[in-house]
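Notes follow the structure.
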Amino acid sequence: MVPRVIFGQGSFSQLGEILLPKRKNADAPFIFLIDDYFESRELVSQVPLMFNDKIIFVSADEEPKTAQVDALVTLIKDEYDELPSGIIGIGGGTLLDLAKAVAILLNNKGIAENYQGWDLVNKPALYHVGVPTISGTGAEVSRTTVLLGPEKKLGINSDFTTYDQVLLDPDLTKTVPKEQWFFTGMDCYIHCVESLTGTYLNAFSKSYGEKAMELCKDVFLGDISGEESRDKLMMASWHGGMSIAYSQVGIAHAMSYGLSYLLGIKHGIGNCMVFQHLEEFYPEGVALFRKMVEKHDIKLPKNVCSNLTQNDFDVMVNVALGLEALWENALGKEWKTIMTPERLQAMYQKI
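Take the sequence shown: its letter number 48 is residue 48 in full-length UniProt numbering, and every next letter is one higher.
Next comes the structure, spelled out in structure tokens:
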């Protein structure tokens, strides 16, 4: 679990105070990985830089890649004689996952793709802090950092991945565009549906999942103020991420990984594109999802898979079916007899 967290409007102003005791010396910088959306915005002027600290702006237009992590690690090691005092990720799920991965690879040998899987990290990560600027992914609280590798899309799942400190400031989410707000929020909602209906469910996971679900309903179906909505969605993201940490996601996430790997479709919208077709598996969840889509007048892409080759489908199916824990959570231990490659391809063809 994340050992330290601060929540509150305007709490970003406390970041410098939080980092100061963690600074090793003047030659060991803090590296801030920040979504390039903020490059010319006020947030950057509030970043508490000292000595030779560095801001690296990163585009979140594409999902984070293992090669990107390796490039950032090389850049930092080449520029500084000492390892940094810490890594701070400021942005959405992409930036939060990149910061976690960079913190791990700076203190472990080899390249990022070697650590894709469960409990493959041997040494603790560098001190790392997460500051989400959009709510829904749960990346700020999860013990994984999901990366697109040369052969698969898979997380670095380990006890060392989790952030040492998270700063939750709902004011930072004010500038999120409506569609992005919706798709990322739906990542949280779908987390809840998949966790609460899964075979891995336990009382710990259930308690967090139920709270996140309640908050999602308030945000996406209720009539609440913008301020209250930002507060509640930030906490829904936290609770949804905690629920997944003690259970697992399911079919929508597995299929979304396939879409992302082959077509570069971002996670939140990919989840929504898949989830709308999963009423057979999640009838109540999909019915509620459709109400949310209608209420917020969201248009989902159509015919995305209409011109794919058989080889394309094979790639997506293999990536999705490789996520065995997700399928077992959704369908039970005999999932391979239920979800054949042919059935999965037919589901992709609807998208």
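Don't be surprised by glycine CBs; every beta carbon is placed ideally from N, CA and C.
Judged by beta-carbon spacing, threonine 145 lies within the 8 Å limit of isoleucine 156, meaning their Cβ atoms are closer than that value. Shown here for valine 317: same chain residues with a beta carbon closer than 8 Å to its own, the five before and five after excluded, namely Gly258, Pro341, Leu344, Gln345 and Tyr348 in chain order. Residue burial is scored here from C-beta neighbours: isoleucine 338 has fewer than 16 other C-beta atoms within 10 angstroms and is therefore classed as exposed. Taking the Cα positions, aspartate 187 is about 32 Å away from isoleucine 76.
Aspartate 231 is bridged by DSSP to nothing; it lacks a bridge partner. Comparing C-alpha distances from histidine 191 to each of Leu168, Cys272, Asp171 and Gly149 shows the shortest one belongs to Cys272.
Counting only residues of its own chain and dropping the five nearest sequence neighbours on each side, alanine 254 has a CB closer than 7 Å to the CB of Ala320, Leu323, Leu326 and Trp327.
Taking the Cβ atoms as the reference, leucine 262 lies roughly 10 Å from valine 304, outside the contact range of under 8 Å.
Residue environment for proline 84: buried (at least 16 other C-beta atoms within 10 angstroms of its C-beta). Annotated as distal: alanine 236 and alanine 252, with beta-carbon spacing of 8 Å or more. Inter-segment contact for the region 160 to 171 and the region 125 to 142 is present: three or more beta-carbon pairs are separated by less than 8 Å. Within the region 191 to 236, complete alpha helix (DSSP H) segments of at least 4 residues are found at 203 to 221, given in chain order.
Excluding residues up to 5 positions away in sequence, Asp36 lie with their Cβ nearer than 7 Å to the Cβ of serine 59 in the same chain. The Cβ atoms of proline 170 and methionine 234 sit closer than 8 Å to each other. Fewer than three Cβ pairs drawn from the region 104 to 117 and the region 44 to 57 lie within less than 8 Å of each other, which leaves the two stretches out of contact.
Taking C-beta separations shorter than 6 Å and ignoring five residues to either side along the sequence, the partners of phenylalanine 38 in its chain run Val44, following chain order.
By the beta-carbon neighbour count (other beta carbons within 10 angstroms, threshold 16), aspartate 97 is buried.
With fewer than 16 other CB atoms across the displayed protein chains lying within 10 angstroms of its CB, methionine 50 is exposed.
Selection Gly240, Leu120, Lys333 and Ser195 evaluated against leucine 154 yields Leu120 as nearest (Cα-Cα). Straight-line spacing of the CA atoms in phenylalanine 12 and proline 48 works out to 10 Å.
Between glutamine 276 and the set Lys291, Ile6 and Lys152, the nearest pair of CA atoms involves Lys291.
Taking 8 Å as the cut-off, the Cβ atoms of glutamate 63 and histidine 296 do not count as close. Counting C-beta atoms within 10 angstroms of its own C-beta, serine 260 has 16 or more neighbours from the protein chains shown and is therefore classed as buried. Measuring C-alpha to C-alpha distances from leucine 172 to each of Asn202, Ser229 and Pro124 identifies Ser229 as the nearest. Unbroken alpha helix (DSSP H) runs of no fewer than 4 residues, entirely contained in the region 115 to 179, are not found. The DSSP-derived three-state label of phenylalanine 51 is coil. Under the three-state reduction of DSSP, lysine 109 is assigned to coil, being neither helix nor strand. Ranked by Cα distance from phenylalanine 182, the first of Gly250, Leu331 and Thr137 is Thr137. Closest in C-alpha terms to isoleucine 244, from the list Lys232, Ser256 and Tyr189, comes Tyr189. Contact between glutamate 79 and alanine 28 fails: their C-beta atoms lie close to 12 Å from each other, not under 8 Å. Comparing alpha carbon positions, the residue from Ala71, Pro3, Thr197 and Gly209 closest to arginine 143 is Pro3.
Note: valine 58 is bridge-paired with Asp35 in the DSSP secondary-structure output. In this structure, the alpha-carbon of threonine 309 lies about 19 Å from that of glycine 270. Between the alpha carbons of cysteine 216 and glycine 222 lies a distance of about 9 Å. Per DSSP, the continuous alpha helix (DSSP H) segment holding valine 315 begins and ends at 310 to 321. Checking the DSSP bridge columns, you'll see lysine 65 partnered with Leu148.
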